[in-house]
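Working notes, beginning with the structure itself.
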Amino acid sequence: MKKQKIINIGLAGYGTVGRGVMSLLLSRNDDLSVRAGAKLRVKRICDTTFKNKSSIKALSPAIKGLLKKNKNYRALLPEAKVYTPNIEDIFSDPEIDIFVELIGGYQPAKRLILLALERGMDVVTANKNVLAKDFNELLAAAAKNKRRIYFEASVGAGIPIIAAINEGFCANKIYGLAGILNGTTNYILSNMSEGKADFDESLKKAQGLGFAEADPTLDITGQDSASKLAILSSLIFKSHIKPEDIYVEGIEKVLPFDIALGKEFGYTMKLFTLMEKVKPIPGSADMSEGAAFQVVPAFIKSSHPLASVSGAFNAIYIKSDAAGEQMLYGPGAGSLPAASAVVSDIVYSARHIMEKSVRHMPFFELRNKAPRIVDARNVESCFYIRFTAEDRPGVLARIADILSNYGISVASVVQKDGFSPKAVPIVMLTHEASTGNIINALSEIDSLNMVKKKTVFYRLLDI
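Here it is as structure tokens:
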């Protein structure tokens, strides 16, 4: 009988996702090995917490708990020598075929990814930060060393969006994408929308439930979503779209009051990642099609499927020419959802190692010319605008007059009752206008003595 080929795995980073990966690899090893065409074996697990025997011994109950339904779990448990605090134990082992990077952050993760490719290993990573910043460099290093890099878990955790764009939509031109790609912010906005708490209280609740980091800055400022949008957009355009190409706003300044007012008009607020193709302005020097990339809090009709994505769930809504409009939905975080994507990539990698197939994925070279990046100020949309102004004759007329001067047409107006006449909320919904014109008009309006607070505005998405 022919001996089964073994694919050896080196895993760096043994946190929430790392433990989930081990759970799946151990409890479903036989089935996964059949799919991979080789026996999958975790030969090394590296984490800085593995500094002594007691810390390694403490791992057993956790793994046993994950495998308690498997009668053969003792045979599946890695030996103590598999665990190491030294990353060089992975890179000095010539038998390691696949390097799984789950450390996170930028460095040393990037250095280790490049080193693994240099040493002839395939790489599986969930690292959105490194990918978003250095996509070209990583893919060039993989091509140079005739290896592959897989990153399904970098966006949307268990939602197979990378495979969908690369393979499922390969016969399509994708001309629009709207995503809810951060579970922390979606949970916070969902909680605020239910009228239960303000931003600070909702953030604390998210942290208590494990949906938000101790330092949630990257999440609430929109930077995490921007990294994910950069990855998806790079795949769509086959050209590196960098985080700095994306206009980013977070949710720190969102008030429950605006969320509630939006609901009265039939809208729901989310933090959206947006890729929108934009036609050239007639007579402009560059007549090529452009694209605008944004991460912004915005309203969407409550009847739209994206409006129902609540809690820590994620969703990606794609517009394409052949397949039409489709939405992928699922948990955007968590040990097993993210581990599902990582293990899927491990199986893909093992299969192609066995087939000796280097050029598998269609995005392997970001070879296309970058699209014309359209300034977010030039994107046209309908808008929700909330003024805070004195309640006296002539105020609405003056505001409407300034808006008209900038080509902004008002669709509806509501003045809220029950407030002091010195500072009354006035909500206007506009017809389509450019973001730049909205900003310029509001700057002039806010300079009026009759306007008492900085005006708030959000896009009304029509997707």
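The sequence shown runs 36 to 498 under this note's numbering.
In this text, a Cβ means the ideal position worked out from N, Cα and C, and glycines have one as well.
Residue pairing by DSSP places V331 opposite F307 in a beta bridge.
Listed as beta-bridge partners of A424 by DSSP are V459, V486. In the three-state reduction of the DSSP assignment, T160 falls in the strand class, which pools E and B. Taken through DSSP and simplified to helix, strand or coil, G346 comes out as coil.
Here F334 has G297, Y302, M304, Y419, Y493, L495 as same chain residues with Cβ atoms under 6 Å from its own Cβ, once five neighbours each way along the sequence are excluded.
About 5 Å separates the beta carbons of I184 and V158, which is inside the 8 Å limit, making them a contact pair. Going by beta carbons, C81 and D124 fall inside the 8 Å limit.
A buried status is given to P406, since no fewer than 16 other beta-carbon atoms sit within 10 Å of its beta-carbon. Residue range 370-390 is occupied by the alpha helix (DSSP H) that includes P372, with no beta strand (DSSP E) assigned at that position. Inclusion of L431 and A446 in the CB contact set at 8 Å is not warranted, their separation being larger than that value.
Comparing alpha-carbon positions, the option among K354, L306, G346 lying closest to I215 turns out to be L306.
The C-beta distance from T423 to A458 rounds to 5 Å, short enough to fall under 8 Å. In this chain, the alpha helix (DSSP H) harbouring E123 covers 123-126. In this chain, the alpha helix (DSSP H) harbouring I266 covers 258-272. The straight-line gap separating the alpha-carbon atoms of G193 and F348 is approximately 10 Å. Residue range 359-366 is occupied by the beta strand (DSSP E) that includes E360. Only residues of its own chain outside the window of five on either side were considered, and among them L137, I138 have a CB closer than 6 Å to the CB of G48, listed in chain order. DSSP, reduced to helix, strand and coil, places L166 within a helical segment of the structure shown. Using a Cβ-Cβ distance cut-off of 8 Å, the region 66-80 and the region 383-393 are in contact, since at least three pairs of beta carbons, one from each stretch, lie closer than that value. Rounded to the nearest angstrom, the Cβ distance from N171 to Y141 is 16 Å, too far for a contact under 8 Å. For K231, there are no CB contacts under 7 Å within the same chain when 5 residues up- and downstream are skipped. In the structure shown, R79 adopts extended strand secondary structure according to DSSP, grouped into three states. Cα atoms of E360 and G203: separation of roughly 13 Å, rounded to the nearest angstrom. Note on geometry: alpha-carbon atoms of I266 and E311 lie some 15 Å from one another. Using a C-beta cut-off of 8 Å, the region 327-344 makes no contact with the region 236-244, since fewer than three inter-stretch Cβ pairs fall below that distance. The C-beta separation of L212 from A176 comes to about 27 Å, leaving the pair out of contact by the 8 Å criterion. Closest in alpha carbon position to R433, among T470, D481, L371, V409, is D481. Spanning the alpha carbons of A357 and I271 requires a straight line of approximately 15 Å. Setting aside the 5 residues that flank it on each side, R182 is surrounded in the same chain by L152, D157, each with a C-beta closer than 6 Å to its C-beta; the list follows chain order. V445 is bridged by DSSP to T465. Taking every protein chain shown into account, the CB of N121 has fewer than 16 other CB atoms within 10 angstroms, so this residue is exposed.
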